[in-house]
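As structure tokens, this is what we get:
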């Protein structure tokens with residue numbers, strides 16, 4: 111089937127591909143954020159939905175859906191349309207957003223005046239510099255609207271010991287950790303019970319309180335009291351979303367050799383904002399331009415260029431309408447760079463897959479096989495090898511239209527968790543970082559668990575229970591159960 115027929119409206123061709131069309135009436139696309147606000151989706155903290163996809167009372171309802179297999183008419187300039195990639199209802203960068211109740215002692219923040227309420231039920235994706243004061247600035251989560259791994263985090267560049275979280279008292283958790291680690295022996299069960307339920311902001315508040323009260327870093331104390339993969343799990347929790355990723359970057363890049371799969375998961379398939387936050391945090395601890403220099407020193411040839419392109423963080427925003435004509439042009443560029451020639455023009459693949467928006471790449475995964483009868487992942491597998499192949503597949507597989515309804519990258523990340531447990535022996539290090547990194551965004555992790563249940567016909571926590579042991583097992587199962 112030809113991908114484009116000038117006699118049809120641009121969206122009509124997709125009606126002939128019912129496997130890609132969204133279910134009737136199920137989804138809608140989130141509004142574009144105001145200028146200067148992060149396009150990355152939010153951590154859900156609103157009231158529970160009455161049904162899948164139905165907004166709670168007080169939230170805006172989705173618009174009337176088009177007939178099954180069709181997209182709404184074009185709304186952009188000539189040659190552009192907005193068929194809502196990912197399918198409406200999967201917010202940008204793969205975040206599923208049922209409205210979860212707010213954490214104990216916290217209330218969702220209202221949207222700024224003049225804007226509709228946040229569909230993510232809590233923190234709004236914005237950051238603005240705190241107002242000037244004559245005394246020390248108290249940084250709170252009202253100021254620190256930085257989003258990382260789908261959840262709000264404190265400003266990593268704020269002065270130390272200035273973070274506060276109104277409505278949450280970190281003292282009980284801090285004192286509980288102290289009791290569990292002081293004297294002879296360690297109460298591992300208490301540590302799991304205290305730390306596993308905390309979100310990223312709460313963990314930051316507890317870590318700061320612990321350090322101020324006892325003169326020791328929370329992570330350092332936990333590492334001295336635990337061992338093995340249990341210690342690694344506690345470390346992943348206590349460092350918080352961005353702190354743990356900085357530590358994992360060190361693990362991937364320091365020493366002899368490069369942990370290629372870890373580096374891929376940290377740097378490929380990320381939003382521009384996340385890459386900037388991670389780069390800034392890493393460079394703050396290692397020195398100016400440290401991450402870029404380290405990546406260039408550890409990688410080589412075209413793989414180095416791929417990762418440098420990714421770190422430039424120039425990907426188009428996900429809330430832009432998908433340009434249908436550009437999709438066609440990219441399909442032909444990719445064909446001529448790979449399947450349609452002897453050898454491979456690797457840089458063309460890198461340029462397109464690191465600079466186009468994720469909805470645009472989803473459109474490519476639909477359009478390419480329609481025109482050239484081979485899926486884009488299969489083309490990459492046949493044209494590339496080694497680390498470069500895996501890095502490009504990480505981007506493209508996360509955007510495949512077949513499972514995009516779960517959220518961008520959800521199906522891929524679910525299979526990566528299973529890969530850590532599959533076969534002879536468990537890849538414990540991979541299991542720890544994939545569960546710890548995935549659990550912060552509770553709504554998205556809920557979708558990962560749903561996808562796992564659909565794929566493997568069993569609960570994720572049961573699978574983790576059978577692959578681990580001891581205190582390490584108790585911690586991983588508690589994380590896998592979610593909230």
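Numbering (this note's numbering), first residue to last: 111 to 593. All C-beta atoms, glycine included, are put in the ideal place defined by N, C-alpha and C.
*Between residue 419 and residue 505, is the Cβ-Cβ spacing less than 7 Å?*
Within the chain shown, the letter at position 309 stands for residue 419. Within the chain shown, the letter at position 395 stands for residue 505. The Cβ atoms of residue 419 and residue 505 do not sit closer than 7 Å to each other.
*Backbone CA spacing between residue 453 and residue 474 [nearest angstrom]*: Working through the chain shown from its first residue, we reach residue 453 at position 343. Working through the chain shown from its first residue, we reach residue 474 at position 364. One C-alpha to the other measures close to 21 Å.
*the region 429 to 445 in contact with the region 479 to 489 per 3-pair CB rule at 8 Å*: Taking a cut-off of 8 Å for Cβ pairs, the region 429 to 445 and the region 479 to 489 touch, as three or more such pairs fall below it.
*Cβ distance (whole Å) where residue 368 is taken to contact residue 498 below 8 Å*: By one-based count along the chain shown, residue 368 stands at place 258. By one-based count along the chain shown, residue 498 stands at place 388. The beta-carbon separation of residue 368 and residue 498, rounded to 13 Å, does not stay under the 8 Å limit for a contact.
*Taking residue 262 as part of the beta strand (DSSP E), name the residues at either end of that continuous run.*
In the chain shown, residue 262 corresponds to position 152, counting from 1. It spans 261 to 263 - the beta strand (DSSP E) in which residue 262 sits, taken as one unbroken run.
_Checking 7 Å against the spacing of the C-beta atoms, do residue 536 and residue 577 come in under that value?_
As a working mapping, residue 536 is identified with position 426 in the chain shown. As a working mapping, residue 577 is identified with position 467 in the chain shown. Judged by beta-carbon spacing, residue 577 lies within the 7 Å limit of residue 536, meaning their Cβ atoms are closer than that value.
*C-alpha distance - residue 468 paired with residue 581, whole-angstrom precision*: As a working note, residue 468 is residue 358 in the chain shown. As a working note, residue 581 is residue 471 in the chain shown. Computed Cα separation, rounded: 39 Å.
*Does the distance from the CB of residue 490 to the CB of residue 503 come in under 7 Å?*
Numbered from 1 along the chain shown, position 380 holds the residue referred to as residue 490. Numbered from 1 along the chain shown, position 393 holds the residue referred to as residue 503. Taking 7 Å as the Cβ cut-off, residue 490 and residue 503 qualify as a contacting pair.
_residue 366 - DSSP class collapsed to helix/strand/coil_ = Indexing the chain shown from 1 puts residue 366 at position 256. If DSSP states are grouped into helix, strand and coil, residue 366 belongs with coil.
*Would you list the one or two residues that DSSP bridges to residue 457?*
Taking the chain shown and counting its residues from 1, the one referred to as residue 457 is at position 347. BP columns for residue 457 are empty, so no partner.
*Assign residue 570 to one of three DSSP states: helix, strand, or coil.*
As a position in the chain shown, residue 570 is number 460, starting the count at 1. Helix, per DSSP.
*Would you call residue 294 buried or exposed, if buried means 16 or more other Cβ atoms sit within 10 Å of its Cβ?*
Sequence index remark: in the chain shown, residue 294 carries index 184 (1-based). Counting the other CB atoms within 10 Å of its CB gives residue 294 a total below 16, which places it among the exposed residues.
*Does DSSP put residue 256 in a helix, a strand or coil?*
Start at 1 with the first residue of the chain shown, and residue 256 comes out as number 146. In this structure, residue 256 counts as strand in the three-state DSSP scheme.
*What number of angstroms, rounded off, separates the C-alpha of residue 557 from the C-alpha of residue 518?*
Stepping through the chain shown from its first residue, residue 557 is reached at position 447. Stepping through the chain shown from its first residue, residue 518 is reached at position 408. Going by the C-alpha atoms only, they are around 11 Å apart.
*Under three-state DSSP, which class holds residue 294?*
Reading the chain shown from its first residue, position 184 is the one you call residue 294. Coil at residue 294, not helix or strand.
*So residue 305 and residue 348 are in contact, right, with Cβ under 8 Å, and what is the actual spacing, rounded?*
As a working mapping, residue 305 is identified with position 195 in the chain shown. As a working mapping, residue 348 is identified with position 238 in the chain shown. Yes, they are in contact, since the Cβ atoms of residue 305 and residue 348 sit about 7 Å apart, within 8 Å.
*What is the DSSP secondary structure of residue 340, counted as helix, strand or coil?*
Taking the first residue of the chain shown as position 1, residue 340 is located at position 230. Helix at residue 340.
*Under 8 Å by Cβ, that's how I've got residue 550 and residue 264 pegged, so tell me the actual separation to the nearest angstrom.*
Translated into positions along the chain shown, residue 550 becomes position 440. Translated into positions along the chain shown, residue 264 becomes position 154. Going by Cβ atoms, the distance from residue 550 to residue 264 rounds to 13 Å, so no, they are not a contact pair.
*How about residue 465 and residue 522: are their beta carbons less than 7 Å apart?*
In the chain shown, residue 465 corresponds to position 355, counting from 1. In the chain shown, residue 522 corresponds to position 412, counting from 1. It is not a contact, given that the beta carbons lie outside the stated cut-off.
*Write down the C-beta distance between residue 301 and residue 290 rounded to the nearest angstrom, noting that I regard them as a contact closer than 8 Å.*
Taking the first residue of the chain shown as 1, we reach residue 301 at position 191. Taking the first residue of the chain shown as 1, we reach residue 290 at position 180. Confirmed, Cβ separation roughly 5 Å.
*Measure from the alpha carbon of residue 516 to the alpha carbon of each residue in 421, 592, 544 and 563, then state which is nearest.*
Taking the first residue of the chain shown as position 1, residue 516 is located at position 406. The shortest Cα separation from residue 516 among 421, 592, 544 and 563 belongs to 563.
_Beta-carbon within less than 8 Å of residue 421's beta-carbon, same chain only, minus the 5 sequence neighbours each way: which residues are those?_
In the chain shown, residue 421 corresponds to position 311, counting from 1. Contacts found: 377, 385, 389, 401, 402 and 405.
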